[in-house]
Amino acid sequence: MEKDSKRIAEILVGLSGINLIGVEDNAGEPLRIHIECRGMRPLCPSCGGTVHQNGLRIVELVDLPAFGRNASIIWHKRRWRCALKERPQPSFSDADPRIAPSRLRLTDRPGRWANKESGAHSNAKSWMGAGWKVSARILRKSSTSTSTNK
């Protein structure tokens with residue numbers, strides 16, 4: 002039995018290297034699971050130098066149901082900017098393809114699940130998209146991008 006709270010959060014959310022910030026449990030609504038990345042400060046993608054935190058970006062992602070309820074991952078993405086003023090790099094945010102492909106509103110897990118189920122059920126993508134209020138276009142993008150993230 003696991004007793005470490007960080008490890009329990011990783012097991013329940015299915016991701017290592019994240020901090021579980023909290024859970025919103027409003028009656029009749031999906032569970033809203035708030036997370037943030039845990040890890041080292043990134044380096045500037047332009048010069049490889051140090052970066053400073055430059056705010057926070059909140060991203061809501063549709064996820065697989067949890068405990069019999071629809072669920073959303075609320076990713077608190079830190080924004081960063083280069084520390085060198087003479088080499089301005091546009092700010093950038095935390096990125097982790099294990100959580101979600103860049104710029105999609107769906108976590109990686111439903112995309113992988115749709116790939117697996119589409120082989121077993123010819124209409125899995127259509128009934129999953131309708132139940133989760135996700136467009137077929139977003140589902141196709143997710144299942145295409147996650148087919149390489151196994």
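Basically our numbering = 1-based index in the sequence shown + 1. Every residue gets a Cβ at the ideal spot worked out from N, C-alpha and C, and that includes glycine.
Using 10 angstroms around the beta-carbon of residue i, count the other beta-carbons present and answer buried if the total reaches 16, otherwise exposed.
i	result
Ile-9	exposed
Lys-4	exposed
Ser-73	buried
Gly-29	exposed
Thr-108	buried
Gly-112	buried
Leu-13	exposed
Pro-91	exposed
Leu-44	exposed
Are residue i and residue j closer than 9 Å when you measure CB to CB?
i	j	result
Arg-80	Asn-55	yes
Leu-65	Ala-101	no
Cys-48	Cys-83	yes
Thr-51	Arg-58	no
Leu-16	Lys-7	no
In the DSSP assignment, find the alpha helix (DSSP H) that holds residue i and state where it starts and stops.
i	result
Asp-10	Inspection of the sequence shows that residue 10 is occupied by Ala rather than by Asp. Its alpha helix (DSSP H) spans residues 6–14.
So for residue i, helix, strand or coil by DSSP?
i	result
Gly-112	helix
Glu-30	coil
Glu-87	coil
Glu-37	strand
By the DSSP assignment, the beta strand (DSSP E) with residue i in it spans what residues?
i	result
Gly-56	52–67
Glu-25	19–25
Would you mind giving the Cβ-Cβ distance between residue i and residue j, rounded to the nearest angstrom? I have them listed as a contact below 8 Å.
i	j	result
Ile-19	His-77	Not really, about 10 Å apart at Cβ, beyond 8 Å.
Arg-33	Ile-75	5 Å
The ligand NAD heavy atoms versus the CB of residue i: any closer than 8 Å?
i	result
Pro-66	Among the components modelled here there is no ligand, and therefore nothing to report on the ligand NAD.
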